[in-house]
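Visitor: Numbering (our numbering), first residue to last: 6 to 133.
Glycine residues also receive a C-beta, built at the ideal position from the N, C-alpha and C atoms.
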Amino acid sequence: KFGSVLRSNQFKNAIVGAASNTATYIIAVINNQLFRWNNRHYYWDSRYYRGMGSGSHMCRMPIDSTDSQLGNVYFEDGTSRPREIVWSCSYYEYCCGYECCSRGSSSFWGIGLGYVIVCILFFIHLLL
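(1) Where does the unbroken beta strand (DSSP E) through Tyr48 begin, and where does it stop?
(2) Using CA atoms only, rank isn't needed, just tell me which of Ile125, Leu131 and Cys94 is closest to Tyr54.
(3) Taking only the alpha-carbon atoms, compute the straight-line gap between Arg52 and Gly109 and give it to the nearest angstrom.
(4) Classify Leu131 as buried or exposed, calling it buried when 16 or more other Cβ atoms lie within 10 Å of its own Cβ.
(5) With 16 as the cutoff for other CB atoms within 10 Å, does Ile129 come out buried or exposed?
(6) State the DSSP-derived secondary structure class of Ser112, mapped to helix, strand or coil.
(7) Return the chain-ordered ranges of every beta strand (DSSP E) run that is complete within the segment 71-102 and spans a minimum of 3 residues.
(8) What residue range is occupied by the uninterrupted beta strand (DSSP E) comprising Ser59?
(9) Just tell me which of Glu98, Asn77, Tyr97 and Tyr96 has its CA closest to the CA of Arg88.
(10) Just mark Tyr48 as buried or exposed, buried being the case when its beta carbon has 16 or more other beta carbons within 10 Å.
(11) What's the C-alpha gap between Thr71 and Tyr103?
(12) Looking only at its own chain, which residues have a Cβ that is under 7 Å from the Cβ of Met66, when we skip the five neighbours before and after it?
(13) Take Glu81 as the anchor and find which of Tyr97, Gln38, Gln15 and Arg45 has the nearest alpha-carbon.
Structure follows, in structure tokens:
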């Protein structure tokens with residue numbers, strides 16, 4: 006399931022996996038450098054976020070300083086840490102853990118069915 010603890014751990018391991026032998030992970034990249042996981046772009050801060058354009062929205066996950074993995078990530082200067090991870094989801098998705106989850110078609114059909122029922126009741130009312 007997207008957004009689960011297992012997927013969250015996979016995400017974190019993908020980021021810090023190469024440096025997993027040390028207690029502190031140094032990200033030797035420019036702050037605005039994006040990274041990819043599961044075919045999605047992620048950014049180390051909303052200041053560097055470059056959205057997907059219209060039809061998308063920004064998701065963000067704060068980085069807890071007590072997190073055993075991401076709480077030990079530092080920028081190249083060795084003193085500053087990223088405060089959040091930011092990414093985009095499409096308009097038909099919602100933020101779900103470190104990913105995007107589909108809103109599904111069930112909500113669409115529920116709204117559509119409700120609309121049809123209201124229209125039928127309206128026309129019945131007009132006929133009476």
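Guide: Considering the structure as presented:
(1) Arg45 to Tyr48
(2) Cys94
(3) 31 Å
(4) exposed
(5) exposed
(6) In this predicted model, Ser112 has a pLDDT of only 47, less than 50, meaning its place in the structure is not dependable; the value taken from the coordinates is given anyway. Ser112 falls in the helix class under three-state DSSP.
(7) 78-80, 89-95 and 98-101
(8) No beta strand (DSSP E) holds Ser59; DSSP gives it neither H nor E.
(9) Asn77
(10) buried
(11) 17 Å
(12) Glu89, Ile90 and Tyr103
(13) Gln38
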